[in-house]
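Participant:
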Amino acid sequence: MKRALILALMLGLSACSLDPLFTPGPVVQPQPRYPAPPAHPAPQARQSAPPPPASAAPPPPVRAEAPPPAVVALVAQAREDRRRGDLERAAGRLERALRIQPENARLWYELAVVRLEQGQPRLAEELAKKSLQLARGDVELQQRDWRLIAEARRRSGDASGAREAERHAAGY
Numbered sequence: 215m216k217r218a219l220i221l222a223l224m225l226g227l228s229a230c231s232l233d234p235l236f237t238p239g240p241v242v243q244p245q246p247r248y249p250a251p252p253a254h255p256a257p258q259a260r261q262s263a264p265p266p267p268a269s270a271a272p273p274p275p276v277r278a279e280a281p282p283p284a285v286v287a288l289v290a291q292a293r294e295d296r297r298r299g300d301l302e303r304a305a306g307r308l309e310r311a312l313r314i315q316p317e318n319a320r321l322w323y324e325l326a327v328v329r330l331e332q333g334q335p336r337l338a339e340e341l342a343k344k345s346l347q348l349a350r351g352d353v354e355l356q357q358r359d360w361r362l363i364a365e366a367r368r369r370s371g372d373a374s375g376a377r378e379a380e381r382h383a384a385g386y
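In terms of my numbering, the sequence shown opens at residue 215 and continues consecutively.
1. Have a look at Arg-336, Arg-358, Gln-334 and flag the residue whose alpha-carbon is nearest the alpha-carbon of Ser-345.
2. Answer with buried or exposed for Val-285, where buried requires no fewer than 16 other C-beta atoms within 10 angstroms of its C-beta.
3. Straight-line CA distance for Gly-306 to Gly-371?
4. Tell me whether the beta-carbon of Pro-316 lies closer than 8 angstroms to the beta-carbon of Ala-366.
5. Under 8 angstroms Cβ to Cβ from Glu-380, same chain only, skipping five residues before and after it: list those, please.
6. Helix, strand or coil: how does DSSP classify Pro-283 here?
7. Relative to the alpha-carbon of Glu-340, which residue among Tyr-323, Gly-385, Pro-283 has its alpha-carbon at the smallest distance?
8. Assuming Glu-340 is part of the alpha helix (DSSP H), what are its boundary residues?
9. Roughly how many angstroms lie between the CA atoms of Arg-296 and Val-328, to the nearest whole one?
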């Protein structure tokens, strides 16, 4: 019993020594969480912000977002239809995919390829031009678009236009 009382007393005294009110030392004033703004800056201190450096690089091109799963499935089915020779069904699937994601340059290119295979070179050229407009920053796709335009023009009998398109393709 005496031991329990002595132990309790010792614990009580040791707890008091841990209390900050009982520890000796200087009193520290708490710092404000956010520094106060300056009262009024001196007139010479008022300056405009320095201009941004001239050598700052432009932001990188925005990458196209991944196509929705429905578009991925439609493209896979269209490619399979095309492989089997069912070009009309392939074109229909690609048109459905374009209704879902009309800003997808690769879909326009895929449809242009199908239309060229169907013997519609003028329509194929127009579709490839649409792809070209949307393919900003995608050099590979732009080259493919120009090559498709060149082939479409050749099939339409426009040899000089085909050569011009080939020059564009070679320029990338």
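Glycine included, each C-beta is placed from N, C-alpha and C at the ideal position.
Facilitator: Well, looking at it:
1. Relative to the Cα of Ser-345, the nearest Cα in the group Arg-336, Arg-358, Gln-334 belongs to Arg-358.
2. By the 16-neighbour rule on beta-carbons within 10 angstroms, Val-285 is buried.
3. Approximately 27 angstroms, taken between the alpha carbons.
4. Against a cut-off of 8 angstroms, the Cβ pair of Ala-366 and Pro-316 comes out as no contact.
5. Taken in chain order, the residues that qualify are Trp-360, Arg-361, Ala-364.
6. Annotated three-state conformation of Pro-283 is helix, per DSSP.
7. The shortest Cα separation from Glu-340 among Tyr-323, Gly-385, Pro-283 belongs to Tyr-323.
8. Note, Glu-340: alpha helix (DSSP H), 335-348.
9. Here the alpha carbon of Arg-296 sits roughly 8 angstroms from the alpha carbon of Val-328.
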